[in-house]
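Position 150, counted from 1, in the sequence shown is what numbering that gives the first Met the number 0 calls 149; the numbers after and before it change by one each time, with no gaps.
The beta carbon of each residue, even a glycine, is placed where N, CA and C say it ideally should be.
Down below is the structure, laid out as structure tokens.
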Amino acid sequence: MESSSNKLPPFDKVKDDELANFLQKVDDITSVINGMCSKDPSVSEGATKKADYLLGNDAKIQIDEENVKVVKNRTVINRKAYENDDNPNQASPESFMKSVERDAKERAENRRMSREVAKRLMKEGSKHYRSKEYEKALSYYNQAMDEVRDDYLLYLNRALTFTNLGLYSKAVDDCKWALKLDEDNLKAFLCKAKAQLCINKDEEAEVTIPEALEKHPGKEQFITDYVNGVKLARQENNTNVSLG
Numbered sequence: 000m001e002s003s004s005n006k007l008p009p010f011d012k013v014k015d016d017e018l019a020n021f022l023q024k025v026d027d028i029t030s031v032i033n034g035m036c037s038k039d040p041s042v043s044e045g046a047t048k049k050a051d052y053l054l055g056n057d058a059k060i061q062i063d064e065e066n067v068k069v070v071k072n073r074t075v076i077n078r079k080a081y082e083n084d085d086n087p088n089q090a091s092p093e094s095f096m097k098s099v100e101r102d103a104k105e106r107a108e109n110r111r112m113s114r115e116v117a118k119r120l121m122k123e124g125s126k127h128y129r130s131k132e133y134e135k136a137l138s139y140y141n142q143a144m145d146e147v148r149d150d151y152l153l154y155l156n157r158a159l160t161f162t163n164l165g166l167y168s169k170a171v172d173d174c175k176w177a178l179k180l181d182e183d184n185l186k187a188f189l190c191k192a193k194a195q196l197c198i199n200k201d202e203e204a205e206v207t208i209p210e211a212l213e214k215h216p217g218k219e220q221f222i223t224d225y226v227n228g229v230k231l232a233r234q235e236n237n238t239n240v241s242l243g
């Protein structure tokens with residue numbers, strides 16, 4: 000029986016929920032900005048308070064006649080921003096850009112460090128996978144996933160680990176993420192098809208297999224032989240078919 004715990008919810012549910020949340024945020028932000036630009040002081044003040052609440056105490060919205068900016072560690076909302084350089088609470092365009100550049104550099108460095116950590120964790124996980132220590136491999140892949148979420152190989156490796164642990168639904172989800180990041184990846188297609196067949200979702204597998212054939216017309220014999228091997232192993236109650 001498959002465990003219900005997982006780092007990620009099903010692929011399709013994530014996609015739908017993310018879209019709904021994004022659209023709701025767009026509506027909220029649009030409403031706030033329109034209110035802050037209102038000529039009615041009471042409407043503008045109410046919108047400003049809502050912006051403070053949404054952004055938290057460490058960020059404010061700054062408005063001029065043409066632009067709207069979210070600025071961290073600023074305390075003034077002023078439609079005539081930048082007019083008075085003597086006011087320490089008003090940010091000049093130059094200082095704002097410097098702040099953005101610093102933030103971008105910090106994010107890039109943090110990203111680089113996270114990738115290095117994830118790379119080491121994934122390497123350790125792969126070592127345990129090759130030794131058929133699948134639970135240990137899964138632990139390392141999960142830790143790597145805490146560092147990065149946009150590495151197709153990490154999703155694929157974890158999907159292969161899930162299949163060896165008999166967690167086929169989770170393998171399908173990870174294969175979907177892998178294919179979202181690398182839409183032509185043959186191993187992800189085959190792992191996905193295998194996992195679908197192992198939980199008797201043949202109709203879904205019959206969608207996945209033609210997709211693989213379409214992406215890789217020169218691999219038709221290999222794909223057909225692999226799928227037939229999975230089906231035969233399923234009949235014999237043995238799903239240990241390697242991707243090579």
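Relative to the C-alpha of residue i, which candidate in the options has its C-alpha closest?
{"i": "E123", "options": "R114, M112, K135", "result": "K135"}
{"i": "A211", "options": "L137, L185, D145", "result": "L185"}
{"i": "A177", "options": "C190, V116, L166, A103", "result": "C190"}
{"i": "E213", "options": "R119, D145, A232, D183", "result": "D183"}
{"i": "D149", "options": "R110, K126, A170, H127", "result": "R110"}
{"i": "S125", "options": "K218, V99, L137", "result": "L137"}
Check residue i in the structure and name its three-state DSSP category.
{"i": "R114", "result": "helix"}
{"i": "I198", "result": "coil"}
{"i": "K104", "result": "helix"}
{"i": "R129", "result": "helix"}
{"i": "R148", "result": "coil"}
{"i": "L164", "result": "coil"}
{"i": "N156", "result": "helix"}
{"i": "D227", "result": "The residue you asked about is not Asp; residue 227 is Asn in the sequence shown. Note: N227 maps to helix in three-state DSSP."}
{"i": "E182", "result": "coil"}
{"i": "N236", "result": "coil"}
At a Cβ threshold of 8 Å, is residue i touching chain B?
{"i": "D201", "result": "This model lacks chain B altogether; it includes just one protein chain."}
One question on the structure: do residue i and residue j come within less than 8 Å of each other, judged by their Cβ atoms?
{"i": "Q195", "j": "A204", "result": "yes"}
{"i": "S168", "j": "I198", "result": "yes"}
{"i": "A103", "j": "A143", "result": "no"}
{"i": "V229", "j": "K193", "result": "yes"}
{"i": "V147", "j": "L155", "result": "no"}
Below 8 Å on the Cβ atoms is my contact criterion, and I expect residue i with residue j to pass it. Report the Cβ-Cβ distance as a whole number of Å.
{"i": "Y133", "j": "L164", "result": "5 Å"}
{"i": "L180", "j": "Y151", "result": "4 Å"}
{"i": "A158", "j": "D145", "result": "Not a contact, Cβ separation roughly 17 Å."}
{"i": "Y128", "j": "T162", "result": "The Cβ separation is near 11 Å, so there is no contact."}
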